[in-house]
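Enquirer:
In my numbering, the protein residues as written are 183 to 474.
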């Protein structure tokens, strides 16, 4: 997915575990959130982690830290994208949080080489990586001129889903979320809002139960009937790549021409996206990348 964004990083450094097939969602917001913002970030990020989603954020103070902490408390997985080298954690007080993320099976990532300091100009670049790693970005509090709004714009330009948590009308930290909602972002107040915005190629179904499942229990990935989720037959893969082509095809067109059921097609397209061979466009349309 990251290779398919308009300006992918030339290199990516990481420490920890970075699965290729993870379904990740970013939570971003103010570095000085209100109590309401902290509660909503913890509640929603924790619910996402319990549902088996990877929670991604930027290890900053405020909403970022709340999202990481909520994922850890839920026993889930979280990734932190830094605006510095991996050996220069910023802010310094989050060094312990970074260590816990890595020890818990999560990951620290950066496009900046070890030893690179956390300069102001690095954080917009970090934000595009956050958006590029994820299927969706959730904004929890932010002013009109904020990094979280920039991240949401980047996510929209990359074809990701954008959601925003509505806040009190008289709070300046509600400016960014409310503007995004006015522009068409989905308002998020519960986990189901996020699940319903995930694209069909995720091959996921949300079981609407009264309680949340454990990690991996809320989302069920559709696998082929042979029970081998990682296996994609070359013939099926080639057929779908030919249908999509460089001019693109909609999901309905792929289903109509491929002769396969939707869950199987979703699984194959998901793998092709992760490999950087296919990119998602607007309107459930997909295009082939490169010269393959």
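Note that the Cβ used here is the ideal one computed from N, Cα and C, for glycine as well.
The structure presented is a predicted model; accordingly, all values stated were derived computationally and were not measured.
Counting C-beta neighbours from all protein chains within 10 Å, is the total for residue 260 16 or more, i.e. buried, or is it exposed?
Expert: The residue given as residue 260 occupies position 78 in the chain shown. Per the 10 Å Cβ criterion, buried.
Enquirer: Mind checking which residues open and close the beta strand (DSSP E) that includes residue 209?
Expert: Within the chain shown, residue 209 is the residue found at index 27, counting from 1. 206-211 is the span of the beta strand (DSSP E), which, as asked, contains residue 209.
Enquirer: Pop quiz: residue 463 and residue 470 are said to be a contact at Cβ under 8 Å. What is the actual Cβ separation, rounded to whole angstroms?
Expert: As a first step, residue 463 must be located in the chain shown, where it is residue number 281. As a first step, residue 470 must be located in the chain shown, where it is residue number 288. At roughly 11 Å, the Cβ-Cβ gap does not stay under 8 Å, so residue 463 and residue 470 are not in contact.
Enquirer: Ends of the alpha helix (DSSP H) at residue 437?
Expert: Taking the first residue of the chain shown as position 1, residue 437 is located at position 255. That run of the alpha helix (DSSP H) goes 433-440.
Enquirer: Would you mind giving the Cβ-Cβ distance between residue 447 and residue 419, rounded to the nearest angstrom? I have them listed as a contact below 8 Å.
Expert: In the chain shown, the residue the question calls residue 447 occupies position 265. In the chain shown, the residue the question calls residue 419 occupies position 237. Not quite, the Cβ-Cβ distance comes to about 11 Å (not below 8 Å), so this is no contact.
Enquirer: Touch check for the region 284-293 and the region 210-223: three-plus C-beta pairs under 8 Å?
Expert: These segments do not touch.
Enquirer: Rounded to the nearest angstrom, what separates residue 321 and residue 190 at their Cα positions?
Expert: Here residue 321 corresponds to residue number 139 of the chain shown, with the count starting at 1. Here residue 190 corresponds to residue number 8 of the chain shown, with the count starting at 1. Approximately 22 Å between the Cα atoms of the pair.
Enquirer: Residue 334 and residue 344 - do their beta-carbons sit closer together than 8 Å?
Expert: Residue 344 sits at position 162 when you count from the first residue of the chain shown. Residue 334 sits at position 152 when you count from the first residue of the chain shown. Yes. Within cutoff.
Enquirer: According to DSSP, residue 220 sits in a beta bridge with which residue or residues?
Expert: Counting from 1 along the chain shown, the entry for residue 220 is found at position 38. Its beta-bridge partners do not exist; DSSP assigns none.
Enquirer: Are at least three pairs of beta-carbons, each pair with one atom in the region 238-252 and one in the region 308-323, less than 8 Å apart?
Expert: Flag = yes, the region 238-252 and the region 308-323 touch.
Enquirer: Report the option in 213, 455, 266, 340 whose CA atom is closest to the CA atom of residue 247.
Expert: Translated into positions along the chain shown, residue 247 becomes position 65. Of 213, 455, 266, 340, the residue nearest in Cα terms is 213.
Enquirer: Tell me which same chain residues have a C-beta within less than 8 Å of the C-beta of residue 225, skipping the five on either side of it?
Expert: Looking up residue 225 in the chain shown gives position 43. Hits under 8 Å: 252.
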